[in-house]
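First to last, the protein sequences are chains S and U.
With the working numbering as the guide, the letters of the first sequence map in order to residues 1 to 225.
With the working numbering as the guide, the letters of the second sequence map in order to residues 1001 to 1627.
Just so you know, even glycine gets a beta-carbon here, dropped at the ideal spot from N, CA and C.
The structure appears below as structure tokens.
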Amino acid sequence: MKIRARFTKEEPVRFISHLDLARTVERAVRRAGLPVAYSQGFNPRPKIAFGSALALGITSSAEYVDMEFSDGFGINEFLRAINENLPSGIRFKEAKVIPADTAPLMSVIDRAQYIITGELGQDGGLSSIVQQILDSDEIWIERPGKKQTRRINIRPWIFSLEVLEEGAGAGTLSLLVQTGSRGNVRPEEVADQFPWVFGQPRIHRSGLFIAQGSRLLSPLDVAHH
Amino acid sequence: MQQDKLLDRILPSVAKPGRYIGNEWNIVRKDWDKTEVKFALAFPDIYDIGMGHLGYKILYYLLNQREDTLAERVYAPWVDMEAKMREHGLPLFSLETRHALSEFDLVGFTLQYELSYTNILNMLDLGGIPLRGAERSIGDPFVVGGGPCVFNPEPVAPFFDLFVIGDGEEVVIELVEAYREWKLEGSDREGFLLKAAAIPGVYVPGFYDVDYHADGTVKAVTPNRSGVPDRIQKRVVKDLDTAVFPDQFVVPYIDVVHDRVMLEVMRGCTRGCRFCQAGVIYRPVRERRRETLRKQAEALVASTGYEEISLTSLSTSDYSGIEPLVDDLLASYRSCGIGLSLPSLRLDSFSVGLADRIQSGRKTGLTFAPEAGTQRLRDVINKNVSEDDLLAAATAAFEAGWDAVKLYFMIGLPTETLDDVTGIAELAQKVLELGRKIRGKEGKAGRVKISVSVASFVPKSHTPFQWVSQAPLEELERRQDHLRRLLRDRAIAFSWTYVDESLLEAVLARGDRRVADVILRAWQKGCRLDGWSEHFDFAKWMEAFAEADLDPYFYSHRERDLEETLPWDHIDSGISKRFLIREWKRALAGQVTPDCRFEGCTGCRLCQDFDVRNELVGGEGPSENQS
């Protein structure tokens, strides 16, 4: 039986890496006594596959994972068992049984939505910067790699950017970008375009989607078809 | 809370912030205000290292079992975090409830290795606690030391209020009870220390004066209060089988050392290697029954979700019931994807057979520790393995499909000559050729890799080598060069330790109380995390020695007279000095001494004087299989 689930990554777990999160979930599955299936071969691994990796420091209400089990059980039973065995800050919110041949999360998720909140100086001017970004064809950023730093134009991958709130020394943005293997924008690359004061703004991932024409589908919806 | 907000701001800018967040699975958080005794378990290194320490897992569980006590973990911050904490005035805090170190009643530090000493000062300073015991007053915590290095606690004595010598499980509870009594009585700090000093195994350094001869050697260590013992006997948990062992471990998020279920199958080792301090201070050998270990494994696997069980001890293949234990655990856990590991294997084909049985995945590497390159020198150090043993073990390993073998050696051992060093290279070459021959049959000769790891010997207190001089540094380097020239084959990887670090370790291991001044000065100059080569600053340490007017070579490179009063003579490991002298003389004569588990008593006096004995479970019958 294959299950797809959505979970959250909140305080203080936002400070662990994607790899640490994966290990934490695997161990919770084991503690819960859920009959997870293992891969064949030299080094058997539990069949647990995550969606798009979340950078350290970012909270999320939209993390997705697929898990394969050797035995069946009810969804409510699954949610209760896993949540009872997770540290606070990680909570499974919904889940559904999916067909065994459902395409893996990694290969289908291509949109990510973020909420960016930070402190601003007197004249933060969020709206005018947003307008500038949307009016331009190119936003070049530098992405450090293992060997060399690459210059990348991320503008084509920014689908939506709007000011949700501005005033009293603080502001909030909503951002929709391309994610995955066919192009990827890191939310901090967009956040860095704004003059936040007192360090980094807080970033929250509010959605991961699969684009179908002009519609955005949730990974849980898509598994239906 | 102000502190939480501050942390929130700091954490995004430091490496591996997961070290500082707490909130792990199985963490114990108690009501701070309603709990009487607050005990900090401080580990003088970073989280990634400290979380792997089994002793603290035991104490954490033991102390938190008590309703009147809470125990919380505190680790040294990495340099980036320390800088931020100092910049923002954030004190060193516990992971459970984020209280400053200074807010605890008792602050324990475990002394696992000498190069962690400056971390203790740094943590006290960051935690808001006066560095010297003598400077602390009524609101300050009592600072308690434990662990192997307290068998010579003198170099750090001024920074501690008291030390616990030997097994900690029982003493720590007696300390908590003494603390409660003292609090009810409402007397001064000395009142508590007097109570503590009355507990067997507790050493209150402030109650002892150290006098020196004109040549700098110790004249005497004498009590300056009535009613405190002249010598402090180590504590021994007589029955390890019934001793408390946690049924849950805190499960970290981030990658840490020994991140797995650890079963302490036994404590102590009586092999009697003459360089080994652990073999002295953890005696006698005490094994846990297989049934007990199986229950502990079951509870820990269920509560942690770990994917691996490791059987730990100083020499796990010596556990007398090892085969049935391994069979039992494999039968129970292999099918659910839980692996087994044996970290410390004896050098023989039996052990290789065990390793082969438990290996589930790829055969990544086997480690053997012949320690010395020639039989002559192995006899001197009483490492009772022969070249035939090593070659038989290596043969078994290659035949079972291993390609990589690691070999551990030491250089600078007493009586060592260049021939002994050459012997290391020859042995490595023989193992390599053996591997190529055996693996060659499957066309895999090219895959064979030997890594030769060579540490510089550091003489330790309470061992038969406690009187010797460390080998001169230039000589150690010459021998490393010699090996580098000999180990030319590209299939052999050679690694060694820095002689400067070995020198400092040698000073701290056998230093007296005056060395505390050097440690303090070195820390003031910015030394910390000395165990991390990238932070080790030898020049600063040498400046500190000069300013304190002490010669490091007096401690590291001086052969002591057998009659000399040693700075740690008042700490009683239970192994008599006469035995150590006899062992030293046998070493010089190249005579080996057998293991008292299997042959007769060797006369170390521990069992007679401490009323203890080796407890082996070997006779246990086959266990009923539950499945």
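Start and end of the beta strand (DSSP E) containing residue i?
| i | result |
| --- | --- |
| U/L1070 | T1069 to Y1075 |
| U/W1078 | Neither: U/W1078 is in no beta strand (DSSP E) and is coded neither H nor E. |
| S/I158 | I158 to G167 |
| U/G1212 | This sequence places Tyr at residue 1212 of chain U; Gly is not what is there. Where U/Y1212 is concerned, the enclosing beta strand (DSSP E) stretches over Y1208 to Y1212. |
| S/Q212 | R202 to Q212 |
| S/Y114 | R111 to E119 |
| S/R4 | K2 to K9 |
| U/P1370 | L1366 to E1371 |
| U/I1492 | I1492 to W1496 |
Which value, in whole angstroms, describes the spacing of the CA atoms of residue i and residue j?
| i | j | result |
| --- | --- | --- |
| U/G1574 | U/F1275 | 17 Å |
| U/L1063 | U/T1069 | 6 Å |
| S/A100 | S/N184 | 28 Å |
| U/S1456 | U/Y1113 | 15 Å |
| U/L1007 | S/E11 | 12 Å |
| U/D1561 | U/I1581 | 11 Å |
| U/Q1002 | U/H1088 | 11 Å |
| U/I1519 | U/L1550 | 11 Å |
| S/S218 | U/K1038 | 49 Å |
| U/Y1208 | U/Q1233 | 15 Å |
| U/A1509 | U/V1079 | 25 Å |
| U/L1095 | U/L1503 | 35 Å |
| S/R155 | S/T179 | 13 Å |
| U/A1589 | U/H1570 | 29 Å |
| U/A1134 | U/V1144 | 14 Å |
| S/S61 | S/A37 | 26 Å |
| U/D1512 | U/S1451 | 37 Å |
| U/W1523 | U/Y1020 | 23 Å |
| U/W1568 | U/V1221 | 9 Å |
| S/V163 | S/W196 | 14 Å |
| S/P44 | U/E1371 | 36 Å |
| S/L235 | U/T1304 | With chain S covering 1 to 225 only, the question about residue 235 of chain S has no answer from this structure. |
| U/K993 | U/T1270 | Given a span of 1001 to 1627 for chain U in the structure shown, any question on residue 993 of chain U remains unanswerable. |
Taking C-alpha atoms, which residue in the options lies nearest to residue i?
| i | options | result |
| --- | --- | --- |
| U/Q1246 | U/G1055, U/M1085 and U/A1491 | Just to set this straight, residue 1246 of chain U is Pro in the shown sequence, not Gln. Comparing Cα-Cα distances from U/P1246 to each of U/G1055, U/M1085 and U/A1491, the minimum goes to U/G1055. |
| U/V1074 | U/E1474, U/A1299 and U/F1104 | U/F1104 |
| S/I152 | S/K96, S/R30, S/R186 and S/P104 | S/R186 |
| U/V1431 | U/V1261, U/V1458 and U/D1389 | U/D1389 |
| S/A168 | S/S174, S/L126 and S/I133 | S/L126 |
| S/G121 | S/F198, S/A81 and S/S174 | S/F198 |
| U/R1586 | U/R1376, U/P1229 and U/V1454 | U/R1376 |
| U/D1481 | U/V1421, U/A1506 and U/A1394 | U/V1421 |
| U/F1159 | U/D1500, U/E1505 and U/V1515 | U/V1515 |
Can you tell me where the alpha helix (DSSP H) holding residue i begins and where it ends?
| i | result |
| --- | --- |
| S/N153 | S/N153 -> not in any alpha helix (DSSP H); beta strand (DSSP E) instead, spanning T149 to N153. |
| U/M1542 | F1538 to E1547 |
| U/E1629 | Given that chain U is displayed from residue 1001 to residue 1627, the structure contains no residue 1629 of chain U and the question cannot be resolved. |
| U/P1552 | P1552 to S1556 |
| U/F1192 | R1189 to A1197 |
Ordered along the chain, which non-local residues of its own chain (more than five positions away) have a Cβ less than 7 Å from that of residue i?
| i | result |
| --- | --- |
| S/R228 | Because chain S is modelled from 1 through 225, residue 228 of chain S falls outside the range shown and cannot be assessed. |
| S/A211 | D110 and R111 |
| U/K1219 | D1211, Y1212, H1213 and T1565 |
| U/E1024 | V1250, V1251, P1252 and Y1253 |
| S/S206 | S61, A62, Q113, Y114 and I115 |
| U/G1022 | L1095 and E1096 |
| U/L1483 | V1421, I1424, A1425, V1454 and F1494 |
| S/A53 | H18 |
Please return the same chain residues whose Cβ sits closer than 8 Å to the Cβ of residue i, not counting the five positions on each side in sequence.
| i | result |
| --- | --- |
| U/S1623 | Confidence at U/S1623 is low in this model, with a pLDDT of 47, below 50, so its placement is unreliable and the value that follows should be read with caution. Hits under 8 Å: R1290, E1291, R1294, P1324 and D1328. |
| U/F1579 | T1602, G1603, C1604 and R1605 |
| S/F209 | I109, D110, R111, A112, Q113, L216, L217, S218 and P219 |
| U/V1301 | V1261, I1309, Y1333 and I1338 |
| U/E1559 | W1467, V1468 and S1469 |
| U/S1341 | R1260, E1308, I1309, S1310, L1311 and I1358 |
| U/M1085 | I1010, P1077, P1091, L1092 and L1126 |
| S/S136 | R155 |
Which residues in the same chain as residue i place their Cβ atom closer than 6 Å to its Cβ, once the five residues preceding and following it in sequence are excluded?
| i | result |
| --- | --- |
| S/F63 | A small fix is needed here, since residue 63 of chain S is Glu in this sequence, not Phe. Excluding residues within five positions, the ones whose Cβ falls inside 6 Å are F7 and K9. |
| U/G1435 | F1398 and V1448 |
| U/D1629 | Nothing about residue 1629 of chain U can be read from this structure; chain U reaches only from 1001 to 1627. |
| U/V1028 | N1064 |
Mind listing, in chain order, the continuous beta strand (DSSP E) runs of no fewer than 3 residues lying wholly within the stretch 25-69 of chain S?
48-50 and 59-68
Entirely within the stretch 1107-1154 of chain U and at least 4 residues each: give me those alpha helix (DSSP H) ranges in chain order.
1117-1126
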